[in-house]
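*Asks:* First residue of the sequence shown: 1, per UniProt numbering; consecutive thereafter.
Note that the Cβ used here is the ideal one computed from N, Cα and C, for glycine as well.
Only a predicted model underlies this, so the values are computations on that prediction, with no experimental measurement involved.
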Amino acid sequence: MRYLVWVLRLAVFVAVLMFALKNTNPVQVNFYGDYIMHDVPLIVVMLVTFVVGAIFGLLLTVPASMRRRREALRLRREVERLQAAMNNQPSQAGDVPPETIAPMSPL
Numbered sequence: 001m002r003y004l005v006w007v008l009r010l011a012v013f014v015a016v017l018m019f020a021l022k023n024t025n026p027v028q029v030n031f032y033g034d035y036i037m038h039d040v041p042l043i044v045v046m047l048v049t050f051v052v053g054a055i056f057g058l059l060l061t062v063p064a065s066m067r068r069r070r071e072a073l074r075l076r077r078e079v080e081r082l083q084a085a086m087n088n089q090p091s092q093a094g095d096v097p098p099e100t101i102a103p104m105s106p107l
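1. Which residues mark the beginning and the end of the alpha helix (DSSP H) in which N87 is found?
2. Short of 8 Å in beta carbon distance, which residues of its chain neighbour M1, apart from the five on each side in sequence? Order them along the chain.
3. Find out if the Cβ-Cβ distance for the pair L42, N30 is shorter than 8 Å.
4. Please report the distance separating the alpha-carbon of F19 from that of M37.
5. Could you give the distance in angstroms between the alpha-carbon of R68 and the alpha-carbon of V5?
6. Locate the alpha helix (DSSP H) running through M1, then write down its first and last residues.
7. Could you pull the DSSP bridge partners for V29 from this structure?
8. My guess is that V27 and V45 are in contact by the Cβ rule of under 8 Å, so how many angstroms apart are they, rounded?
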């Protein structure tokens, strides 16, 4: 399975590399305010766009992941508190016969 993952990674890398080599034509990039950059390779424009999009995507996931982390920490503390309470409580299950807790029904 590990080799299959590496083969797939290699295939994706080769496909992206071939795509990059085919898209090296110079393009003109127009920004707001009539600012123009001439003769920028298309692959550079695509790479910058991808990186900016990935950064924005990561920034959008940060609040949710922090919330999940805080919730997991709170739940861990609650489990530890409950386990400590159960360990400190004396065992009463051996003192009470099971019939008093759940009476046996006649068959």
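*Replies:* Once the coordinates are examined:
1. Looking up residue 87 in the sequence shown gives position 87. N87 -> alpha helix (DSSP H) spans L42 to N88.
2. Along the sequence shown, read from residue 1 onward, the residue named residue 1 stands at position 1. Answer for M1: no residue qualifies.
3. Your numbering for residue 42 matches position 42 in the sequence shown. Your numbering for residue 30 matches position 30 in the sequence shown. In this structure, the beta-carbon distance from L42 to N30 does not fall below 8 Å.
4. Taking the sequence shown and counting its residues from 1, one reaches residue 19 at position 19. Taking the sequence shown and counting its residues from 1, one reaches residue 37 at position 37. F19 and M37: Cα-Cα distance of roughly 23 Å.
5. Position 68 of the sequence shown, counting from 1, holds the residue named residue 68. Position 5 of the sequence shown, counting from 1, holds the residue named residue 5. Each residue's alpha carbon lies about 29 Å from the other.
6. The residue you call residue 1 lines up with position 1 of the sequence shown. Going by DSSP, M1 is part of no alpha helix (DSSP H) at all; its letter is neither H nor E.
7. Here residue 29 refers to the residue found at position 29 of the sequence shown. Looking at the DSSP output, V29 shares a beta bridge with M37.
8. Position 27 of the sequence shown, counted from the first residue, corresponds to residue 27. Position 45 of the sequence shown, counted from the first residue, corresponds to residue 45. Sure, about 6 Å apart at Cβ, within 8 Å.
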